[in-house]
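Number of protein chains: 2
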Amino acid sequence: MTESRVTEPRHPENTLAGTGATEAGDNPLLLANQICFALYSATHAMTKAYRPLLDDLGVTYPQYLVLLLLWERDGRSVKELGEHLSLDSGTLTPLLKRLEGQGLVSRSRDRADERSVLIHLTVQGKALHDKAECLPARITEASGCSTADLAGLRDQILRLRNDLTAALRKT
Amino acid sequence: MTESRVTEPRHPENTLAGTGATEAGDNPLLLANQICFALYSATHAMTKAYRPLLDDLGVTYPQYLVLLLLWERDGRSVKELGEHLSLDSGTLTPLLKRLEGQGLVSRSRDRADERSVLIHLTVQGKALHDKAECLPARITEASGCSTADLAGLRDQILRLRNDLTAALRKT
DNA sequence: AGATAATTTATTGCCTACGATTTGATTGTG
DNA sequence: CACAATCAAATCGTAGGCAATAAATTATCT
Numbered sequence: 002m003t004e005s006r007v008t009e010p011r012h013p014e015n016t017l018a019g020t021g022a023t024e025a026g027d028n029p030l031l032l033a034n035q036i037c038f039a040l041y042s043a044t045h046a047m048t049k050a051y052r053p054l055l056d057d058l059g060v061t062y063p064q065y066l067v068l069l070l071l072w073e074r075d076g077r078s079v080k081e082l083g084e085h086l087s088l089d090s091g092t093l094t095p096l097l098k099r100l101e102g103q104g105l106v107s108r109s110r111d112r113a114d115e116r117s118v119l120i121h122l123t124v125q126g127k128a129l130h131d132k133a134e135c136l137p138a139r140i141t142e143a144s145g146c147s148t149a150d151l152a153g154l155r156d157q158i159l160r161l162r163n164d165l166t167a168a169l170r171k172t
Numbered sequence: 002m003t004e005s006r007v008t009e010p011r012h013p014e015n016t017l018a019g020t021g022a023t024e025a026g027d028n029p030l031l032l033a034n035q036i037c038f039a040l041y042s043a044t045h046a047m048t049k050a051y052r053p054l055l056d057d058l059g060v061t062y063p064q065y066l067v068l069l070l071l072w073e074r075d076g077r078s079v080k081e082l083g084e085h086l087s088l089d090s091g092t093l094t095p096l097l098k099r100l101e102g103q104g105l106v107s108r109s110r111d112r113a114d115e116r117s118v119l120i121h122l123t124v125q126g127k128a129l130h131d132k133a134e135c136l137p138a139r140i141t142e143a144s145g146c147s148t149a150d151l152a153g154l155r156d157q158i159l160r161l162r163n164d165l166t167a168a169l170r171k172t
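Here is the structure:
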């Protein structure tokens with residue numbers, strides 16, 4: 002690597018710097034101007050930040066989200082997990098089977114309603130809770146933001162999500 | 002639908018309402034408290050909002066992002082597209098082949114550097130730009146927010162992404 | 001009660017996403 | 001010139017994600 006300095010930015014920053022508010026700042030079709038892309042790429046960055054931490058736990062990011070719910074309250078149905086995560090059974094069923102294969106959860110029919118499948122943490126699944134406790138702090142640290150700032154941003158993002166979901170329901 | 006009223010909330014809102022700032026508001030492992038989940042679910046809601054609009058164009062969401070980049074500047078390499086979208090060739094190659102199969106782009110080796118594959122819009126690919134022009138406005142409308150609010154939120158999210166990416170680079 | 005309609009649940013098939021490896025082209029060095 | 005190192009795409013295996021479909025339960029009607 003002799004002169005890889007001025008070649009090209011490794012990762013185009015998509016900041017609004019440059020151009021001094023020419024036409025570019027107004028063009029709604031510009032990738033950098035779209036909030037959908039901001040969410041899309043921030044989610045990817047977040048997933049990447051979590052990956053090495055989750056590798057230690059031996060689970061993927063969506064699997065971690067399921068475990069978070071079960072640590073809050075055990076013995077939920079597939080349906081209920083799907084409502085909280087906005088995922089349907091087509092996504093959850095294979096995911097839960099993998100968690101079952103790792104010995105972290107058990108899947109069993111609800112005897113009161115044979116249509117439902119109930120998910121319970123195993124002893125190992127419960128034990129993983131302790132190892133996961135530090136993750137949010139690690140991510141907050143990596144973000145370089147205060148917890149208050151992150152909480153504010155989180156609430157704005159959730160509000161946007163709720164508005165979008167509500168608008169979709171009306172359609 | 003006789004008495005399906007008080008059964009259960011259709012979509013748990015993950016707002017911070019309830020509990021009146023008991024222990025729950027502080028527990029960093031609570032799903033609702035995690036900004037990663039806010040991003041994750043907002044991205045999904047956004048994708049869902051775009052889907053019917055993109056169905057009219059006949060493309061998926063990531064395909065749309067690629068087209069946005071090409072509409073800004075045509076004839077980019079796979080590598081360059083991947084840098085902007087944080088995607089590698091393993092994702093882009095099949096995606097671009099599908100776009101090629103739909104007659105929206107062409108793929109050809111760069112004659113100056115045969116390692117690179119250049120992606121060019123076809124006539125139809127360029128024509129699609131006009132039909133896509135209205136999409137961002139439709140989404141803004143659905144979000145119920147002002148463009149200024151959305152721009153502010155977008156910049157905060159991009160800042161978070163940049164901080165996370167920078168932190169990852171150091172590791 | 002028995003038959004049919006409506007709702008809900010879980011499973012299939014296709015696309016996106018990523019890590020790891022492979023192949024071919026280019027650049028750097030002795 | 002030859003060799004090694006580097007780089008870009010493509011390929012393969014695994015996993016997440018969603019639309020459409022199939023299976024099962026519940027509700028309704030005669």
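Chains as they are written, first to last, in my numbering: chain A, 2 to 172; chain B, 2 to 172.
Where a beta carbon is used, it is the ideal one built from N, C-alpha and C, also for glycine.
Pull the bridge partners of residue i from the DSSP assignment, please.
i        : result
A/Asp114 : A/Asp111
A/Leu122 : A/Val106
A/Arg77  : A/Ile120
How big is the Cα-Cα spacing for residue i and residue j?
i        : j        : result
A/Gln157 : B/Leu151 : 10 Å
A/Val67  : A/Leu169 : 25 Å
A/Thr44  : A/Arg52  : 12 Å
A/Arg160 : A/Cys135 : 27 Å
B/Pro63  : B/Met47  : 12 Å
A/Gly83  : A/Leu70  : 11 Å
B/Arg74  : B/Leu88  : 18 Å
A/Ala113 : A/Lys127 : 25 Å
B/Tyr65  : B/Arg155 : 19 Å
A/Arg182 : A/Arg110 : Because chain A spans 2 through 172 in this model, residue 182 of chain A falls outside it and cannot be assessed.
B/Arg162 : A/Ala138 : 17 Å
A/Thr148 : B/Gly145 : 27 Å
A/Glu81  : B/Leu55  : 29 Å
B/Phe38  : B/Pro95  : 29 Å
A/Arg99  : B/Gly153 : 40 Å
A/Ser42  : A/Thr61  : 18 Å
B/Val106 : A/Val106 : 46 Å
A/Asp164 : B/His85  : 28 Å
B/Leu40  : A/Leu40  : 6 Å
Cutting at 8 Å between CB atoms, please list the residues of its own chain near residue i, excluding the five before and the five after it.
i        : result
A/Gln35  : Pro29
A/Ala22  : Confidence at A/Ala22 is low in this model, with a pLDDT of 43, below 50, so its placement is unreliable and the value that follows should be read with caution. Cβ neighbours of A/Ala22 beyond the five flanking positions: none.
A/Arg77  : Leu70, Leu71, Leu119 and Ile120
A/Lys132 : Asp57 and Leu58
Near residue i, what residues of its chain come up, given a Cβ to Cβ distance below 7 Å and the 5 sequence neighbours on each side ignored?
i        : result
A/Gly104 : Thr123 and Gln125
B/Ala50  : Ile140 and Ala143
B/Glu24  : Caution is warranted here: a pLDDT of 49 is assigned to B/Glu24, below 50, making its placement in the model unreliable, and no coordinate value can be reported.
A/Gly59  : Gln103
B/Trp72  : His130
A/Arg108 : Leu97, Glu101, Val118 and Ile120
Show which residues of chain B have a CB atom less than 8 Å away from the CB atom of residue i.
i        : result
A/Gln157 : Leu154 and Gln157
A/Leu169 : Ala46, Lys49, Ala50 and Ala143
Keeping to the same chain, check which residues put their C-beta closer than 6 Å to that of residue i; ignore five residues upstream and five downstream.
i        : result
A/Val79  : Ser90, Leu93 and Val118
A/Thr166 : none
For residue i, go through chain A and note every residue whose CB falls closer than 7 Å to its CB, in chain order.
i        : result
B/Leu129 : The premise fails here: B/Leu129 is roughly 11 Å from chain A at the closest Cβ pair, so nothing lies under 7 Å.
Can you pull the chain B residues whose beta carbon is under 9 Å from the beta carbon of residue i, in chain order?
i        : result
A/Glu115 : Per Cβ cutoff of 9 Å: no residues; A/Glu115 is ~19 Å from chain B at best.
A/Leu122 : Correct list: empty, because the minimum Cβ distance to chain B is about 14 Å.
Name the chain A residues that come within less than 9 Å of residue i, Cβ to Cβ?
i       : result
B/Arg74 : Per Cβ cutoff of 9 Å: no residues; B/Arg74 is ~11 Å from chain A at best.
Report the neighbours of residue i on chain A: residues whose CB is nearer than 8 Å to its CB, in chain order.
i       : result
B/Arg77 : Per Cβ cutoff of 8 Å: no residues; B/Arg77 is ~11 Å from chain A at best.
B/Leu31 : Leu69 and Glu73
Along chain B, which residues have their Cβ under 7 Å away from the Cβ of residue i?
i        : result
A/Leu119 : In chain order: nothing, as chain B lies at least about 16 Å away.
A/Leu82  : Correct list: empty, because the minimum Cβ distance to chain B is about 11 Å.
For this session: Taking only beta carbons into account, state which residues of the segment 86-112 of chain B come closer than 9 Å to chain A, listed in chain order.
Result: Leu86, Ser87 and Leu88
For this session: Using a Cβ-Cβ cut-off of less than 7 Å, list which residues of the segment 36-58 of chain A approach chain B; keep chain order.
Result: Ile36, Cys37, Phe38, Ala39, Leu40, Tyr41, Ser42, Ala43, Thr44, His45, Ala46, Met47, Lys49, Ala50 and Tyr51
For this session: Could you list the residues in the segment 138-151 of chain A with a C-beta less than 9 Å from some C-beta on chain B, going in chain order?
Result: Ala138, Ile140, Thr141, Glu142, Ala143, Ser144, Gly145, Cys146, Thr148, Asp150 and Leu151
For this session: Quick one: which residues of the segment 59-71 of chain A get their C-beta closer than 7 Å to a C-beta of chain B? List them in chain order.
Result: Under the 7 Å Cβ criterion, the segment 59-71 of chain A contributes Leu66, Leu69 and Leu70.
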